[in-house]
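Taken in sequence, the protein lines are chains B and U.
Here the first sequence stands for residues 133 to 391, where the numbers follow the numbering used here.
Here the second sequence stands for residues 334 to 728, where the numbers follow the numbering used here.
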Amino acid sequence: MKIIVCMKQVPDAKDVRLDPVTNTLAREGVQSIMNPYDQHALEEAVRLKEAHAGEVVALTMGPPQAEEMLRQAISCGADSAVLVSDRAFAGADTWATAYTLEHALKTIGDFDLILCGKQAIDGDTAQVGPGLATRLGIPYLTCVQKIRESSASGLVAERMMDDGYDLVALEYPALLTVVKDINEPRVPSIKGKMKAKKAEIVRLSAADIKADPACIGLPGSPTKVVNVFPPPARGERSVLQGTLDEQIDQLVEKLVRYM
Amino acid sequence: MLKVDKELCIGCGICEDACPFGAIQVENGLAVVGETCTLCGACVESCDVQALTLEIAEKHVQDDLQSWSGVWVFCEYRRGELAPVSLELLGIGRTLADRRGVKLGAVLLGYRLGETASRLIGHGADTVYLVDNESLNDFRDDCYSAVTTSLIRKYKPEIILAGATAIGRSFIPGVATDLNAGLTADCTRLEIREEDGALLQTRPAFGGNIMATIVCESSRPQMATVRSKVMKALEFDAARRGEIVVIDPPADLLQSRVRVLESVVGEAAKINIQEADILVSGGRGLETAKGFELLNKLADALGAKVSASRAVVDAGWIPYPHQVGQTGKTVAPKLYIACGISGAIQHVAGMQSAETIVAINRDANASIFNVADYGIVGDLYEIIPKLIAKIEERR
């Protein structure tokens, strides 16, 4: 069984702080990490491999430094890793990213299952997984919280809905996006770390995956950012004054219209 | 590609600060662009000496842009109920359609839809495309996507809006991919651009630290998802007239490769913090899981629901469906009362669209006070019981 895990390197959200004076992101000391949801996708892939035999390939589109994340993926159980990297991919929106990953997958060869995190924490769109499955013409499930049964040919999974969950069965090839409830990712073993250090990461360029230059990066993106601005300052930002009882009285006055 | 004009650049470093992605660094008095550049253009505007330019290859413009007309709203129906966000989308959809001078269409998929189509007309739709079929009773991405895509190809609306619900966020990206259409997730503002009638889609990015306005200039349709409670529904008007177009899709579109074995209504249905008008939210400052008993009392007094920060969900004090923030739910209630929540940026990203934010926290320096409209610094175990008593007096 061949499982591909699509992942993204993102800024570590817990390091990201707002500079209270300039209202911009304070970036000093912000580390790049594997998107947290993708860690769960990787863990689930490794568990499936352990249950049914096969291999796990970690795949990312990103800058050269994303190689670090792929080594981490190998230390956590991936057998090999592919970095799709090219300046021409810069500015890709979710459509162009799905296009690029599709071409990378076709270059890599056959697969049974693709696992992705439900979304990346920097963009929060949750669009690439469904987009990729659609491009590949395979069925998909989003926000999977549990794989109840699995075999070498298909699986039964719980996919989260707003009002509960649906229990769904499908056959491979298929794509799933997963939420963090699905598992508890393992920490890398010493052996895994050794393997990661020595592993050779496959590098693929836009030409290697036979991508049409008009379909990748910014030129291939139907959406275009035309303006970026700080969020509007909100509210009166007032800390109430007076004794505690007076403050509570003032607050209740303000809240009356909501009662 | 982002180009730096070496003659013009004075190495002032303003662009370094303006870049939301940390992709620019001043080295030897010159701005140097790194690999993490996403070509967002924030730096270009920040540069006082116009040393930065974005060079973008010409985009292929779809040749039939003008033949796409009308605004559509995907209306979600499940377990005999219309998702409230559908009516909210008809509200903004009406505004956009009027601005463009086009019709507002509603797409309604499901089984045993009853009088729902007339309801959609009363809430603003001119035309309802109704697909009432047993195969659409369960939500399956491939069927929903195939039926919706075929309708879009046939009727060619220029704009399509959908709720950023579990269903919308799952199948709409598939539809957009099939149509080679641009899709913007979780928009908080939608407007029509004066010069060319394009849809301006504004959404928070980078955990709510920056707002980005996005446009699809050279392709149609333009697609966007919007979260619950962001837009306003129109009052139902029984006098409104509209057309109902009954669609009988070909059988092959209703073939699915997945089987829904069971559909389970969980605790999440009762909780649904995204639909609440008032939220009383607890964080680590509660100090113990028992703190939620107090918050429940405050919530009861206000007719509110209880939500929480990630820290206390991770600690197991309250289940995940209550979690507000980047990795939880995004909420936009009329009133949000943050109790013992420090205001980490990931939390703020999930609640900053609330109409009024109240913060109660012992730490006067907590960043939650930066987004609060009213703040009280003090011990929440002293403040909240008094607050409950005062609220009950006023009732």
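No residue lacks a Cβ here, since even glycine has one placed at the ideal position from N, Cα and C.
Quick caveat: nothing in here was measured; it's all calculated off a predicted structure.
For P506(U), which residues from the same chain have a beta carbon less than 7 Å from its beta carbon, with the 5 sequence-adjacent residues on both sides left out? L516
I need the straight-line Cα distance from N155(B) to F361(B), nearest angstrom please. Confidence in N155(B) is poor, its pLDDT being 47 and thus under 50, which makes the residue's placement too unreliable to answer from.
Given a cut-off of 7 Å, decide if Y462(U) and L484(U) are closer than it, judged by their beta-carbon atoms. yes
Residues in the region 647 to 662 of chain U with C-beta within 9 Å of chain B's C-beta atoms, listed in sequence order? Y653, Q659 and T660
Helix, strand or coil: how does DSSP classify P195(B) here? coil
Give me the Cα-Cα distance between G537(U) and G683(U), rounded to the nearest whole angstrom. Before going on, a small fix: residue 537(U) reads as Pro here, not Gly. Roughly 10 Å between the two C-alpha positions.
Nearest chain U C-beta to D211(B) closer than 7 Å, yes or no? no
In chain B, which residues lie with their C-beta within 7 Å of the C-beta of S552(U)? P354
CB contact below 7 Å: R267(B) versus chain U: By this cut-off, R267(B) is an interface position.
Using 6 Å as the cut-off, classify the Cβ of D225(B) as near or not near the heavy atoms of the ligand SAH, replying yes or no. As for the ligand SAH, it is missing from this structure, which has no ligand bound.
Quick check on this structure: which residue in E176(B), C275(B), T192(B) and P196(B) has the alpha carbon closest to the alpha carbon of C370(U)? P196(B)
Helix, strand or coil: which one does DSSP assign to Y462(U)? strand
Could you give the DSSP three-state label for M201(B): helix, strand or coil? The answer is helix: DSSP assigns M201(B) an H, G or I state.
Simplified DSSP assignment, three categories, for T266(B): helix
Limits of the unbroken beta strand (DSSP E) element including F736(U): Because chain U here runs from 334 to 728, residue 736(U) falls outside it and cannot be looked at.
From A177(B) to A450(U), what does the alpha carbon distance come to, in whole angstroms? 43 Å
Own chain residues within Cβ distance below 8 Å of Q204(B), not counting five before or after: M166, P320 and A328
Between L237(B) and chain U, is any beta-carbon pair separated by less than 7 Å? no
Can a CB atom of chain B be found closer than 7 Å to the CB of H393(U)? yes
Are R573(U) and I454(U) touching if we call contact CB-CB under 7 Å? yes
Here's the rule: buried if 16 or more other CB atoms are within 10 angstroms of the residue's CB, otherwise exposed. What is P317(B)? buried
Enclosing beta strand (DSSP E) for W405(U) [first to last residue]: Its beta strand (DSSP E) spans residues V404 to C408.
In whole angstroms, what separates the C-alpha of A566(U) from that of H456(U)? 7 Å
Does the contact criterion of 3 or more C-beta pairs under 8 Å hold for the region 637 to 645 of chain U versus the region 697 to 713 of chain U? Taking one beta carbon from each stretch, the region 637 to 645 of chain U and the region 697 to 713 of chain U have fewer than 3 pairs nearer than 8 Å; the two do not touch.
Within the 7 Å Cβ cut-off, does M564(U) reach chain B? no
Below 7 Å between beta carbons: does that hold for A705(U) and A692(U)? Yes, Cβ-Cβ distance for A705(U) and A692(U) is below 7 Å.
Let me see if you follow: with CB-CB separation under 7 Å, is R643(U) close to chain B or not? No, because no Cβ of chain B sits closer than 7 Å to the Cβ of R643(U).
If we count the other Cβ atoms within 10 Å of its Cβ and call it buried at 16 or more, is P317(U) buried or exposed? Here chain U covers residues 334 to 728 and nothing more, so residue 317(U) does not appear.
Assigned secondary structure, N470(U) (DSSP; H/G/I helix, E/B strand, else coil): coil
Cβ-based contacts, 8 Å cut-off: residues of the region 196 to 230 of chain B near chain U: P196, Q197, R219, A222, G223, D225, T226, W227 and A230
On the three-state DSSP scale, how would you describe V300(B)? strand
Identify which residue in P345(B), T355(B), L376(B) and V358(B) has its Cα closest to the Cα of T232(B). P345(B)
Using a C-beta to C-beta distance shorter than 9 Å, which residues of chain U count as neighbours of C275(B)? A499, R502 and S503
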